[in-house]
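Enquirer:
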Amino acid sequence: MIVVSQFLRNHGLRVTPSRQAVLQVFATHGYALSHADIERLLGNRQDRVTLYRTLRSFLDNGLIHAIPDERGTPYYALCQDSCTREVHQHEHLHFRCRHCGHTACIESVVIAPVALPAGYASETWSVLVEGLCPKCSQKGA
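Using my numbering, the first residue of the sequence shown is number 19, and each one after it goes up by one.
(1) State the beta-bridge partners of C115 as determined by DSSP.
(2) Measuring alpha carbon to alpha carbon, tell me which of R37, F113, R58 ends up nearest V145.
(3) Of the choices C97, T121, R32, whose alpha-carbon is the least far from that of V147?
(4) From the DSSP secondary-structure annotation, give me the bridge partner or partners of A50.
(5) Quick test of your reading: E125 and H110, contact by CB under 8 Å. State the CB separation rounded to the nearest angstrom.
(6) Decide if H117 is buried, meaning its Cβ has at least 16 other Cβ atoms within 10 Å, or exposed.
(7) Taking all protein chains shown into account, decide if L41 is buried (16 or more other Cβ within 10 angstroms of its Cβ) or exposed.
See below:
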């Protein structure tokens, strides 16, 4: 479990109640969350604009990364400690359960960089695998 205030400081961010609350939501849940998920989990503790700015700050400073779904809606997940403002890479796969809808980072599976043809320069990429998560598999979903 992460120490929220220290995690914020390690990434060069001031510790504020808003940032602490949002980061605690990520620390408590082991899967990626949408803006709407986070809003729901926070209840009325934050307005929509403050939450948007907090997520943008977390993205820009290497605390979280975005995983787009098939409609382009971003889901956010905590980054590893090695991510910073300057170095923000995620060469792991993401797994979305087709039953419960949760998206998880599978850090133990490292994806090799893709060799692109001359003239192409990648800026970001993501690998998404869909199927049943362990919990739903056990339930026989």
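We put the beta carbon where it would ideally sit given N, CA and C, even for glycine.
Expert: Reading off the structure:
(1) G149
(2) F113
(3) Minimum Cα distance to V147 is reached at T121.
(4) A50 is bridged by DSSP to T121.
(5) About 5 Å separates the two Cβ atoms, so the contact holds.
(6) Looking at its Cβ environment, which holds fewer than 16 other Cβ atoms inside 10 Å, H117 is exposed.
(7) buried
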